[in-house]
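Protein chains: 2
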Amino acid sequence: LRSIDQIIQINYRYSIHFTSRLFQDENPLLLDVLHCDQALTPMKVLCVLDETLLYHHPQLSKDIQLYCMHNSACIDLCSTPIVIQGGEASKNDPKYVTMLQEAIHQYGICRHSYVMAVGGGALLDMVGYAAATAHRGVRLIRVPTTVLSQNDSGVGIKNSVNAFGKKNFLGTFAPPSVVLNDAHFLTTLPMRDWRSGIAEAVKVALLKDCLFFEFLEENAARLMDRDMQVMSKLIYRCAQLHLEHIATNGDPFESGSSRPLDFGHWAAHKLEQLSQYSLRHGEAVAIGIALDATYAYLMDLLPAHDWQRILQLFSALGLAVYANELSNYLSSPDHPDCILAGLQEFREHLGGRLTIPLITSIGHSIEVNAIDTNVMMKSIELLRQYHTIHEESIS
Amino acid sequence: LRSIDQIIQINYRYSIHFTSRLFQDENPLLLDVLHCDQALTPMKVLCVLDETLLYHHPQLSKDIQLYCMHNSACIDLCSTPIVIQGGEASKNDPKYVTMLQEAIHQYGICRHSYVMAVGGGALLDMVGYAAATAHRGVRLIRVPTTVLSQNDSGVGIKNSVNAFGKKNFLGTFAPPSVVLNDAHFLTTLPMRDWRSGIAEAVKVALLKDCLFFEFLEENAARLMDRDMQVMSKLIYRCAQLHLEHIATNGDPFESGSSRPLDFGHWAAHKLEQLSQYSLRHGEAVAIGIALDATYAYLMDLLPAHDWQRILQLFSALGLAVYANELSNYLSSPDHPDCILAGLQEFREHLGGRLTIPLITSIGHSIEVNAIDTNVMMKSIELLRQYHTIHEESIS
Chain A
6 LRSIDQIIQI
16 NYRYSIHFTS
26 RLFQDENPLL
36 LDVLHCDQAL
46 TPMKVLCVLD
56 ETLLYHHPQL
66 SKDIQLYCMH
76 NSACIDLCST
86 PIVIQGGEAS
96 KNDPKYVTML
106 QEAIHQYGIC
116 RHSYVMAVGG
126 GALLDMVGYA
136 AATAHRGVRL
146 IRVPTTVLSQ
156 NDSGVGIKNS
166 VNAFGKKNFL
176 GTFAPPSVVL
186 NDAHFLTTLP
196 MRDWRSGIAE
206 AVKVALLKDC
216 LFFEFLEENA
226 ARLMDRDMQV
236 MSKLIYRCAQ
246 LHLEHIATNG
256 DPFESGSSRP
266 LDFGHWAAHK
276 LEQLSQYSLR
286 HGEAVAIGIA
296 LDATYAYLMD
306 LLPAHDWQRI
316 LQLFSALGLA
326 VYANELSNYL
336 SSPDHPDCIL
346 AGLQEFREHL
356 GGRLTIPLIT
366 SIGHSIEVNA
376 IDTNVMMKSI
386 ELLRQYHTIH
396 EESIS
Chain B
6 LRSIDQIIQI
16 NYRYSIHFTS
26 RLFQDENPLL
36 LDVLHCDQAL
46 TPMKVLCVLD
56 ETLLYHHPQL
66 SKDIQLYCMH
76 NSACIDLCST
86 PIVIQGGEAS
96 KNDPKYVTML
106 QEAIHQYGIC
116 RHSYVMAVGG
126 GALLDMVGYA
136 AATAHRGVRL
146 IRVPTTVLSQ
156 NDSGVGIKNS
166 VNAFGKKNFL
176 GTFAPPSVVL
186 NDAHFLTTLP
196 MRDWRSGIAE
206 AVKVALLKDC
216 LFFEFLEENA
226 ARLMDRDMQV
236 MSKLIYRCAQ
246 LHLEHIATNG
256 DPFESGSSRP
266 LDFGHWAAHK
276 LEQLSQYSLR
286 HGEAVAIGIA
296 LDATYAYLMD
306 LLPAHDWQRI
316 LQLFSALGLA
326 VYANELSNYL
336 SSPDHPDCIL
346 AGLQEFREHL
356 GGRLTIPLIT
366 SIGHSIEVNA
376 IDTNVMMKSI
386 ELLRQYHTIH
396 EESIS
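This is the structure we're talking about:
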């Protein structure tokens with residue numbers, strides 16, 4: 006009997022919208038994206054809120070309930086919003102995923118109903134995983150509320166939780182139905198989150214867009230003054246570059262060995278874990294980028310001037326380029342708590358050959374399949390020195 | 006800021022191969038499909054075996070280990086095969102999924118390594134779910150060992166486990182890397198499993214292929230004599246029709262309301278649950294098909310002659326068209342243990358409008374969006390009478 010060979014093609018379509026004060030009565034965006042005008046019955050929505058957000062927006066849960074009540078012909082909010090602690094805590098404890106899957110069961114959410122997640126990137130990752138696995142995937146509305154989630158993770162097609170001590174070990178690729186970026190949430194973000202989210206903008210600029218890097222250099226001071234106009238532009242350009250990459254790179258579900266958007270991320274993921282998640286993802290990414298840029302410089306791949314511009318931009322943005330965890334166990338590179346173990350873990354998560362993106366100039370990247378660990382250790386030492394001098398010059 | 010709208014296209018490709026005695030030394034199929042000749046290092050494989058299979062093939066685990074040892078330049082079997090109880094038990098207890106995800110973590114299985122599942126449809130569903138969620142999806146080789154899994158679930162693109170009392174509540178759409186149908190495993194299948202797997206062949210013939218239905222009618226006696234040649238043809242045609250459907254129906258991941266392959270399945274899923282899984286999936290499907298065919302007949306959608314041919318074919322195949330669970334709580338149709346509750350559960354799992362496939366003649370189907378519960382209750386009563394008379398005539 007001859008074998009049967011089949012190609013199956015799937016098309017996903019989703020959009021990212023930009024707004025402010027999404028849940029204020031006069032804002033029609035949510036009704037528009039739910040296509041309520043075409044529905045015979047109200048759209049069922051199960052809402053999940055990031056607890057961290059409620060400190061600054063204590064009225065949010067009530068606002069959402071009122072919004073849905075005033076539009077009850079269109080939206081059927083099937084319970085009061087479920088509030089879950091945000092940050093990595095929600096990805097580390099499996100009980101949250103189970104709790105949400107059970108809520109989807111209990112409230113009769115189907116593949117044509119919606120789960121709406123409002124919060125930071127970690128919460129969106131966790132809720133996305135629950136939504137993608139219940140009924141083999143119910144519709145997901147993401148309302149990212151941090152710089153990092155609005156410009157990076159929240160606009161992408163992944164979800165995940167941590168397991169067995171590994172970041173993002175469990176997850177799926179599952180494009181959201183729609184992403185709603187609400188700028189108002191950024192105004193109440195703690196400075197540390199505001200700043201750290203910018204690291205992913207630096208990353209995507211370094212990989213793909215020299216002019217965007219110049220924009221960041223020119224506007225670093227304004228960004229530190231929390232200029233909302235500059236931040237809006239930053240987020241828009243990041244989202245644009247991110248989606249363009251997913252749609253055109255030829256491997257959106259990452260079945261190959263290459264993952265060009267993960268510049269600096271092998272070290273970043275390991276640093277987050279080693280710091281027991283006291284480092285924010287963006288903070289760890291800034292260090293990871295600085296590290297791989299330094300490595301590229303020492304390997305004569307990246308001109309010294311470009312390397313210096315990168316470190317200077319991080320300084321101007323108030324982002325450290327070194328953390329003590331970088332130097333832990335560096336004398337025993339095989340120790341699982343040595344930063345270098347992150348290389349193997351990164352390869353394993355992705356699969357196939359080790360493939361690390363590096364930059365050769367601002368806006369241009371290559372991929373390498375081996376890392377010289379001696380040069381990497383020198384890069385860490387160089388960053389440590391830079392950091393020490395820089396800290397001293399501040400104080 | 007204008008919204009960003011993006012289309013993302015994914016292409017999957019997989020093949021189904023037909024063989025006998027896959028793990029005998031001289032059989033090259035496994036090496037061929039792993040493309041071992043192109044790999045620089047041996048392909049890492051984590052193997053999971055269905056315990057039920059080992060009763061009839063006690064040497065299987067050793068055979069697999071020897072096969073991999075003799076081909077160690079190509080295959081790196083990273084542990085002795087993991088043996089798990091097959092059947093719905095493996096889908097009902099969440100510990101098995103967690104155990105496999107942990108094994109994938111522990112043995113360093115990456116997106117370019119393989120999980121190979123050998124067993125019946127339930128085990129393949131469960132292993133597939135674990136493989137699809139670890140690292141956002143590692144490669145899966147399915148070796149289905151029952152009629153039902155070789156002709157239906159094992160060649161499709163779904164995986165799942167049961168949760169919160171609902172069949173297949175958790176799962177993903179994730180095409181396997183490759184499916185290897187080994188005919189030898191069918192020779193040792195208990196008669197009950199041999200027979201019940203044929204129900205899905207009747208289903209796909211009724212929906213899509215009148216000539217295939219005639220083939221089943223003509224060969225019913227040979228099938229009951231366990232003629233392997235007829236069974237091979239049956240499985241091949243089913244697999245062909247199944248894949249053709251997935252690739253060409255325009256909605257492989259079932260985002261719409263229509264699910265034409267699920268003829269008879271609203272009742273079948275509910276019957277399995279009501280019988281506490283003492284009914285095999287195929288047995289429940291036979292009853293579900295008979296029920297919806299009877300309903301179509303009573304609704305004047307299906308000619309009497311076609312209806313009778315269907316019931317007669319099930320008789321000739323030794324498949325009952327009635328189970329007592331059909332009549333439970335029929336006087337209180339809103340009771341959750343009434344078979345009619347299956348309609349709402351089916352709608353909810355799929356989402357959107359209730360959409361039930363029915364047949365109008367052998368080989369032709371339509372979809373209806375409402376079911377007349379009075380007529381459905383009459384259909385149950387008619388089947389009960391048919392069953393009683395038929396049972397009496399046998400004894």
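Residue numbers (this note's numbering), protein chains in the order written: chain A, 6 to 400; chain B, 6 to 400. Note that CB positions come from ideal geometry on N, CA and C, so glycine has one too.
Pairwise C-alpha distance: residue j and residue i
| i | j | result |
| --- | --- | --- |
| A:Gln64 | A:Leu316 | 40 Å |
| B:Gly357 | B:Gly347 | 15 Å |
| A:Thr253 | B:Tyr302 | 51 Å |
| B:Leu58 | B:His189 | 12 Å |
| B:Ser412 | B:Leu54 | A query on residue 412 of chain B cannot be resolved here, the shown segment of chain B reaching from 6 to 400 and no further. |
| A:Leu216 | B:Ile69 | 57 Å |
| A:Gln278 | A:Gly323 | 22 Å |
| B:Val290 | B:Leu191 | 20 Å |
| A:Pro149 | B:Ser84 | 42 Å |
| B:Leu129 | A:Asn76 | 44 Å |
| B:Arg242 | A:Ala139 | 32 Å |
| B:Ile12 | B:Val50 | 34 Å |
| A:Ile371 | A:Glu205 | 18 Å |
| B:Arg352 | A:Val132 | 23 Å |
Residue i beta carbon near the ligand HEM (any heavy atom closer than 7 Å)
| i | result |
| --- | --- |
| A:Met121 | This structure simply doesn't include the ligand HEM, nor any ligand for that matter. |
Residue i vs residue j beta-carbon contact at 8 Å
| i | j | result |
| --- | --- | --- |
| A:Val160 | A:His247 | yes |
| A:Ser8 | B:Ile21 | yes |
| B:Gly142 | B:Lys163 | no |
| A:Lys208 | A:Ile344 | no |
| A:Asn156 | A:Leu239 | yes |
| A:Pro47 | A:Ile87 | no |
| A:Pro341 | A:Thr378 | no |
| A:Ser366 | A:Pro308 | yes |
| A:Cys41 | A:Val123 | no |
First through last residue of the alpha helix (DSSP H) which encompasses residue i
| i | result |
| --- | --- |
| B:Asp297 | His286 to Leu303 |
| B:Ser95 | Ala94 to Asn97 |
| B:Ala272 | His270 to Leu279 |
| A:Asp198 | Met196 to Lys213 |
| B:Ala244 | Met233 to Thr253 |
Below-8 Å beta-carbon distance, residue i vs any chain A residue
| i | result |
| --- | --- |
| B:Gln14 | yes |
| B:Pro180 | yes |
| B:Gln106 | yes |
| B:Lys100 | no |
| B:Leu248 | yes |
| B:Arg264 | no |
| B:Phe169 | yes |
| B:Pro257 | yes |
| B:Gly356 | yes |
Opening and closing residue of the beta strand (DSSP E) in which residue i lies
| i | result |
| --- | --- |
| B:Asn32 | Neither: B:Asn32 is in no beta strand (DSSP E) and is coded neither H nor E. |
| B:Asn76 | Per DSSP, B:Asn76 belongs to no beta strand (DSSP E) and is neither H nor E. |
| A:Val148 | Arg144 to Pro149 |
| A:Ala168 | Lys163 to Ala168 |
| B:Val88 | Ile87 to Ile89 |
Beta carbon proximity, residue i to chain B, threshold 8 Å
| i | result |
| --- | --- |
| A:Leu175 | yes |
| A:Phe23 | yes |
| A:Gln11 | yes |
| A:Arg18 | yes |
| A:Gly347 | no |
| A:Leu82 | no |
| A:Gly273 | Note that residue 273 of chain A corresponds to Ala in the displayed sequence, not to Gly. Answer no: the Cβ-Cβ gap between A:Ala273 and chain B never drops below 8 Å. |
| A:His402 | Since the first residue shown for chain A is 6 and the last is 400, residue 402 of chain A is missing from the structure and cannot be characterised. |
Where residue i meets chain E, residues with beta-carbon distance less than 7 Å
| i | result |
| --- | --- |
| A:Lys213 | Absent here is chain E; the protein component of the structure consists of chains A and B. |
Opposing strand residues paired with residue i [DSSP bridges]
| i | result |
| --- | --- |
| A:Ile361 | A:Val373 |
| A:Ala122 | A:Val53 and A:Arg147 |
| A:Leu1 | Any property of residue 1 of chain A remains undetermined from this structure, which presents chain A solely from 6 to 400. |
| A:His22 | A:Leu185 |
| B:Asp10 | A:Ser20 |
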